[in-house]
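Respectively, the protein sequence lines represent chains A and B.
Under the working numbering, the first residue of the first sequence is numbered -15, with each subsequent residue one higher.
Under the working numbering, the first residue of the second sequence is numbered 154, with each subsequent residue one higher.
In this text, a Cβ means the ideal position worked out from N, Cα and C, and glycines have one as well.
Comments concern the structure below.
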Amino acid sequence: AQSVTQPDIHITVSEGASLELRCNYSYGATPYLFWYVQSPGQGLQLLLKYFSGDTLVQGIKGFEAEFKRSQSSFNLRKPSVHWSDAAEYFCAVGALDTDKLIFGTGTRLQVFP
Amino acid sequence: DTAVSQTPKYLVTQMGNDKSIKCEQNLGHDTMYWYKQDSKKFLKIMFSYNNKELIINETVPNRFSPKSPDKAHLNLHINSLELGDSAVYFCASSHRGGEIEAFFGQGTRLTVV
């Protein structure tokens, strides 16, 4: 069965510091991977996605993620965090034969000035 | 020009009542979804519809009944509301296939008292 694990429930960083949010997935075939961000009281906004090809994908707001098949991971990174990045981040996996996304439990990012 | 819009944004109601949440998308997508986000921020799919046809029903109690009058609308009707139904409900839409990202509405925070 498909599953997504986000090991870090809560991360706190200082503004300007680098960031890496971890995501591990379980899926038998090639997964389709997504990172979404949810600001307080808001819906989910897609940051980036991986379907195939280059394993390093660029997204909006300066985020990037790297697909590592050998580690079943799709970690999200940003070189310099801004205070406006404080939000909940969700990793999700989709598949060709399904119409649904399986979400991780989310990582809450707090940014200190 | 909101892509996926749902109403109301907040809904407070008493146990036992019946309520509906409406969702509309103007993206021309053929698939629409309802996701439930619980108090721990966990997101789980409830239903998906493709061209007005029910595709996914994730063992949701039959008090929940989705209705899709056309492929741009997917409403969620809930009968005999219970305290445990309190959550944020997200509508989403996409083209069919797990490799296609879903666009989410702003969410409806349902509180049952």
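Neighbour-count burial assignment, residue i, 16 or more Cβ in a 10 Å radius
i: Ser201 (chain B); result: buried
i: Thr212 (chain B); result: exposed
i: Lys33 (chain A); result: buried
i: Asn170 (chain B); result: exposed
i: Tyr73 (chain A); result: buried
i: Leu207 (chain B); result: exposed
i: Gln178 (chain B); result: buried
Sequence-distant residues of the same chain with beta carbon closer than 7 Å to residue i, five excluded per side
i: Asn59 (chain A); result: Glu4, Leu5, Arg6, Cys7, Ala49 and Glu50
i: Asn204 (chain B); result: Asp183 and Lys224
i: Pro(-9) (chain A); result: Arg6
i: Ser218 (chain B); result: His230
i: Pro161 (chain B); result: Thr261
i: Met199 (chain B); result: Trp187, Tyr188, Lys189, Glu211, Val213 and Phe217
i: Ile143 (chain B); result: There is simply no residue 143 (chain B) to check, as chain B begins at 154 and stops at 266 in what is shown.
i: Asn232 (chain B); result: Asp171 and Arg216
Own chain, CB closer than 6 Å to residue i, minus 5 neighbours either side, in chain order
i: Tyr110 (chain A); result: Residue 110 (chain A) lies beyond the stretch modelled for chain A, which goes from -15 to 97, so this question has no answer here.
i: Gly260 (chain B); result: Val241 and Phe243
i: Gly43 (chain A); result: Leu31 and Leu32
i: Ile253 (chain B); result: Ser247
i: Met185 (chain B); result: Tyr202, Leu227 and Ser246
i: Asp191 (chain B); result: Ala240
Integer Cβ distance of residue i from residue j, believed to fall under 8 Å
i: Leu180 (chain B); j: Ser221 (chain B); result: Between Ser221 (chain B) and Leu180 (chain B) the Cβ distance is about 15 Å, and since that is not below 8 Å, they are no contact.
i: Phe256 (chain B); j: Ala156 (chain B); result: 5 Å
i: Val21 (chain A); j: Val95 (chain A); result: The pair is not a contact, with the Cβ atoms about 13 Å apart (cut-off 8 Å).
i: Ser173 (chain B); j: Leu229 (chain B); result: 7 Å
i: Leu236 (chain B); j: Phe87 (chain A); result: Wrong, their Cβ atoms sit about 24 Å apart, outside the cutoff.
i: Arg262 (chain B); j: Asp83 (chain A); result: Not confirmed; about 25 Å, so no contact.
i: Tyr11 (chain A); j: Gln29 (chain A); result: Not really, about 24 Å apart at Cβ, beyond 8 Å.
i: Ile(-7) (chain A); j: Arg61 (chain A); result: Not a contact, Cβ separation roughly 19 Å.
Option in the options with minimal Cα separation from residue i
i: Ser68 (chain A); options: A:Thr82, A:Leu85, A:Pro24 and A:Leu40; result: A:Pro24
i: Lys45 (chain A); options: A:Ala71, A:Ala79, A:Asp38 and A:Arg53; result: A:Ala71
i: Gln63 (chain A); options: A:Gly88, A:Leu93, A:His(-6) and A:Phe47; result: Sequence inspection shows Pro at residue 63 (chain A); the Gln mentioned does not correspond to that position. That would be A:Phe47, whose Cα lies nearest to the Cα of Pro63 (chain A).
i: Phe18 (chain A); options: A:Leu93, A:Cys75, A:Asp38 and A:Ser54; result: A:Cys75
i: His66 (chain A); options: A:Leu93, A:Glu(-1) and A:Gln26; result: A:Glu(-1)
i: Ser158 (chain B); options: B:Thr166, B:Asp191 and B:Cys176; result: B:Cys176
i: Asp238 (chain B); options: B:Pro161, B:Pro214, B:Met185 and B:Ile253; result: B:Pro214
i: Lys193 (chain B); options: A:Thr39, A:Thr89 and A:Pro97; result: A:Thr89
i: Thr166 (chain B); options: B:Ile198, B:Thr160, B:Leu234 and B:Met185; result: B:Leu234
Heavy atom of the ligand PLP within 6 Å of residue i beta-carbon
i: Phe18 (chain A); result: The ligand PLP is absent from the structure shown, which contains no ligands of any kind.
Close Cβ partners of residue i (< 8 Å) along its chain, the five nearest in sequence each way excluded
i: Val41 (chain A); result: Leu32, Lys33, Tyr34, Glu48, Ala49, Glu50 and Phe51
i: Leu85 (chain A); result: Phe18, Ala76, Val77 and Gly78
i: Leu164 (chain B); result: Lys172, Ile174, Thr261, Arg262, Leu263 and Thr264
i: Ser36 (chain A); result: Thr14
Beta carbon proximity, residue i to chain C, threshold 7 Å
i: Lys194 (chain B); result: Annotation note: the requested chain C is absent from the structure, which comprises protein chains A and B.
Check each residue of the region 1 to 22 of chain A: if its Cβ is closer than 7 Å to any Cβ of chain B, include it; give the result in chain order.
Hits within the stretch, in order: Tyr16 and Phe18.
What residues in the region 207 to 224 of chain B bring their beta carbon closer than 7 Å to a beta carbon of chain A?
Hits within the stretch, in order: Ile208 and Ile209.
Between the region 51 to 68 of chain A and chain B, which residues of the former have CB atoms less than 7 Å from a CB of the latter, in chain order?
none
With 7 Å as the limit, tell me which residues of the region 83 to 94 of chain A have their beta carbon closer than that to any beta carbon of chain B; keep them in chain order.
Asp83, Lys84, Leu85, Phe87, Thr89 and Gly90
Looking at chain A, which residues of the region 165 to 184 of chain B have a Cβ within less than 8 Å of any of its Cβ atoms?
Residues Thr184.
Return the residues of the region 20 to 43 of chain A that lie within a Cβ-Cβ distance of less than 7 Å from chain B, sorted by chain order.
Gln26, Gly27, Leu28, Leu30, Lys33 and Phe35
Could you name the residues of the region 69 to 80 of chain A whose beta carbon sits closer than 9 Å to any beta carbon of chain B, in the order they occur along the chain?
Glu72, Phe74, Ala76, Val77, Gly78, Ala79 and Leu80
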